[in-house]
Structures are given as structure tokens and as C-alpha cells.
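Have a look at the structure below, then the notes.
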Amino acid sequence: MVALNEQYRMRRAICTVVNEVAYPDAPLLTGRQEGTRLPPSPLIDGTLVLIDTSSRVPDRGRRNAHTTNAVHEAVIHELIRGLQYDTVLPARKHTGLAEGEEPADRLAVICPYKNQKKALNTSLTHRFGETYDGVVDTVHRFQGSQRPLVVIDTVAGAGDRLGFFYEGVGLSSATCRLLNVALSRAQDHLVLVANTEFMHRGLHPASEAARMLGHFEKHAQRLPVEELVPVRSAADLSGLAPEELARPAFFPADEVSRAVEWDIANARQSVDIYCAFLAVNPVRYWLRRLEPRIAAGARVTVHTRQHELGSKEAELVETLRSGGCRIEARERMHEKVLIVDDTVLWHGSLNLLAHGGSTDLMMRITDPTSCERVRRIVDRARMDRPARQWPPASLRSTKASPTNSSTNGISPGDVVDGRLYLRVPYEEKDEAKRLVQARWDPRHQLWHVAASVPRARLSRWLPDGA
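Take a look at the structure:
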């Protein structure tokens, strides 16, 4: 007789992590042989593989950021590229494949959120061909399926929260059930792409997701992100073959400016700069580098906020316009993006026209579908809702009086006990902390700086007339 708790799909190591998550009190047994049906590859030497993305954090300054992760997308692209090189997966132009050798026969990429699923499906199909369409799907859609190789993209790490998928705790929770489904789709190899530091900070220590993470950290083969997505310098760009230049790559903060200059100098059709705020020195610096491309016929568009007439930033808008740039003003925006020729996307905290450059590791992606997707996200955010309207200064309290203030007695622009209070939108909090050392006052639910900080540095976060 066959035991009811014996399974024949998963190798023993995969079954063990499934037991850790979903069957701690009644573990499944493994009745299959330990071999793999896939060709050998150093990328999947182990049955379990962990790609920890903790050292590569994408920009978090947008709504619903937790539902997509551009770093994970780049990692999965390069994992597939490496597996193609090792003949585990067929290359783009490979023809005459036998039954069971198509990409979708060997590989499944499972993610919790449909936004990441759509992003991956689109970009994988563009880069690797139509045979990769449908390789990616959500957990719900993969129920009942199985593949020799399964990649689980946790997605977490690109927003300020984990998201609803990870909120459940307990064997009867939806989180546990869905993790069980995702993990148990794998037959021979299971790869987990996860920002472990971010996830540990947000997960309940006793949750099933935390147990899964701990099991991989203890037992899985570690595959460093740097082995998949290279870290490059600006000097590398001019010497790369087209295929290498098309790969996603990280650039250290001190290399970003020169690398961006190289991309702008090589622009043929268009340069789109999304930068909410403007500052004198960066505008002058980059305009000098943009003007030759404008003279050569390239379209340069600066997307920025609607700046108040007479302000310094409004003067800078006219400087850019006089230099030949098109200006797309919008009521509200916080995106920090550079797109060159609708093909090259710079992703991260790049306020190109607002300060000296990035302070973080930036990612350069060559992918028209990613550029198009970012444009759609930006346009959708533009139409989301109007910017918050602040009352004129004459109608606001200038004293810390709980009876005439709408924010526990304190309003933006007030100075109380040596603190100057600011109106900092949620998506700009990290920038305020970095640029002016802003701190959060939980009692009054407002950000503040020392009253001695020059008002010129704070104008974007102060009401008119403050």
C-alpha cells in the first residue's frame, strides 16, 4: 500500500521546505528518485537556490511600489540568460525543439502580484522571444501545474511594506496556503529571489513566510546578485558589445553622472527627464550637455512640477525652454526617471536637475517595454488625483494653539521650540531626510527641521508666504 502522505513530484529538499511551511506536524514523505531532468548548470547546482537582493534596493518613491520590483526583474532576466548559456533553457533563435524542451515546459516564474507578472511577461517576451510568453504567472494561476525549475519572485523590497500576500500567520492563513502552492510546483529545482533583510524586518518571526526564508538561508545554494547583474563603471559603456550593453547593470553613485552623460551624448531621437524639482547648478550643467543633442535634432523633454510664477524654479524652466527643451509641467509628480531614445531607462533616486546626482546605486536597463511601462505609470499617477491645496498663509494659524490649528495645534510653516514644521508628501520623505535632515514628529504628524535651516533650501516644503 502507498502511504497517503507520500509524494512523487518534488525532490527531497523541496519537500522539506514545503513541510517546514505547511506540514510541520504531519510532514510529507518523498517517494521519487533524487536525480534532475535538467542539464547541469552552476547557477542551479543545488536543489534549493537563494538569490538575496538585500544589497540592491530599487527606488521606493511611488504608489503601490510593493507590487513590482525592477531589481528582481533584472535578476530573473539574467538568470534566464545564464541558463540559456548552459543549455538548461533554449535560446531565442533555437528551433526544432523536442516535446518538453520549450521554455514553458521547463521553467515557471511565480510571483504574488499581477503587476510584477505583467512586467516580467512583457519584458521577457521582448528580450527572449515569444516562446517565453506565459512563463510567468501568479500563484493562483499555477495551482495544479508543475515544472522542473520554479523561480519564486517574492517581489518584496521595492515599497515601504510587504503587502497583503505576506500578512497572514498560521497554517490556515491564505499566506500559508499560497506559499504551499508556490513551493510545491517545483519538481527538481526551486529558486527564491528575495530581499531577506527587508522581509525579516516586516514579517512576524513565527510566520510561515519567515520560516520559509530562514530555511532557504540555512540550506540553499547562495547565488550572489553580482554574479547575475554586473556592477559597471561609466568607462565600460563605450567598449561593450551591443549584446552586453543591452544587459541590465548597476552603477555606483560616483559613476552615474558620467554614465548618464555617455547615454545623452549617444542619444539619437529623444531624451526624457522626469524631475519634480529644479536647482541652478544641475540645470546649467546638464543643459550644456543637452544642447548639442538638441542641435542635432533630438527631442529633449523635461517633465517637472508646475512651479509658481516668479519663483527661482520658474526661472529655471524658462532657461531650459530657451535652451531648446520642451517642458511638460504637471500639478503633482515625484518620479525620478531618465529615458533615452525610448530604449534606455535609468532607474533609482536620480534627481538629475535638482542636485548633483544619485547618492545610491543606480540601475541602467535597456528595454523599450520597461520604458513604455514607466511612462504609463507616470501618466496614470498624473491623473490620479489633484495636488493638495494649502490655504493662504493669512488663513493659517501661526501659533501653536490647539484650538485654531488643524494638525494638533501645529501647521506647516510654524516655528515651535526651535523646530520649523514642513509639509512633506509621503513620497518625498526620504529626500527631505537626506537633503535637510528632516525628522518626524509623531505627536503632531508632521516633519520638521531646525529653525536655523535657510528657508531657500526648504521652499518646496513650505506653504506660500511662510
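So for the sequence shown, this note's numbering puts the first residue at 9; every next one is plus one. Glycine residues also receive a C-beta, built at the ideal position from the N, C-alpha and C atoms.
Going by DSSP, Asp-60 is part of the beta strand (DSSP E) stretching over 56-60.
In this structure, Thr-183 sits near Glu-216, with a CB-CB distance shorter than 8 Å. For the pair Leu-56 and Ala-21, the CB atoms are nearer than the 8 Å cut-off.
Less than 8 Å separates the beta-carbon of Phe-136 from that of Ile-88. Membership of Thr-24 in the alpha helix (DSSP H) is indicated by the continuous run 20-30. About 5 Å separates the Cβ atoms of Leu-36 and Gln-15, confirming a contact at the 8 Å cut-off.
Measuring C-alpha to C-alpha distances from Gly-331 to each of Lys-320, Leu-295 and Gln-154 identifies Leu-295 as the nearest. Between His-74 and Leu-170, the C-beta spacing is below 8 Å.
Glu-323 and Ile-373 have their C-alpha atoms roughly 33 Å apart. Beta-bridge pairing by DSSP links Ile-373 to Leu-353. The three-state secondary structure of Val-444, taken from DSSP, is helix. Rounded to the nearest angstrom, the gap between the Cα atoms of Ala-78 and Glu-339 is 26 Å. For a cut-off of 8 Å, the C-beta gap from Val-189 to Phe-150 is around 7 Å, short enough to register as a contact. Counted as a single uninterrupted DSSP element, the stretch harbouring Cys-333 is not any beta strand (DSSP E), since DSSP gives it neither H nor E. Leu-191: not part of any beta strand (DSSP E); member of the alpha helix (DSSP H) spanning 182-191, first to last residue. Per the C-alpha coordinates, the member of Val-345, Leu-360 and Leu-361 positioned closest to Glu-380 is Val-345. For Pro-156, the enclosing beta strand (DSSP E) has its first and last residue at 155-161. For the 8 Å CB-CB criterion, Leu-245 and Trp-270 form a contact.
Put simply, of Pro-48, Val-233, Leu-253 and Asp-168 the residue whose alpha carbon is nearest the alpha carbon of Leu-157 is Pro-48. Taking C-alpha positions only, Asp-33 is separated from Met-18 by approximately 19 Å.
Within the segment 282-328, complete alpha helix (DSSP H) segments of at least 4 residues are found at 288-303, given in chain order. Just so you know, the alpha carbons of Ser-62 and Leu-211 end up roughly 15 Å apart. Bounds of the beta strand (DSSP E) holding His-456 are 454-458.
The DSSP-derived three-state label of Gln-41 is coil. Annotation: the segment 250-279 contains the following complete segments of the beta strand (DSSP E) (minimum length 3 residues), in chain order: 257-259. Per DSSP, the beta bridge partners of Leu-115 are Leu-157.
Taking C-alpha positions only, Leu-12 is separated from Gly-39 by approximately 11 Å. Below 8 Å, enough C-beta pairs join the segment 256-264 and the segment 229-248 to call them touching: three or more. With a cutoff of 8 Å on beta-carbon distance, Thr-95 and His-197 are scored as not near each other. Of the residues assessed, Val-288 falls on the exposed side of the cut-off, its CB having fewer than 16 other CB atoms within 10 angstroms.
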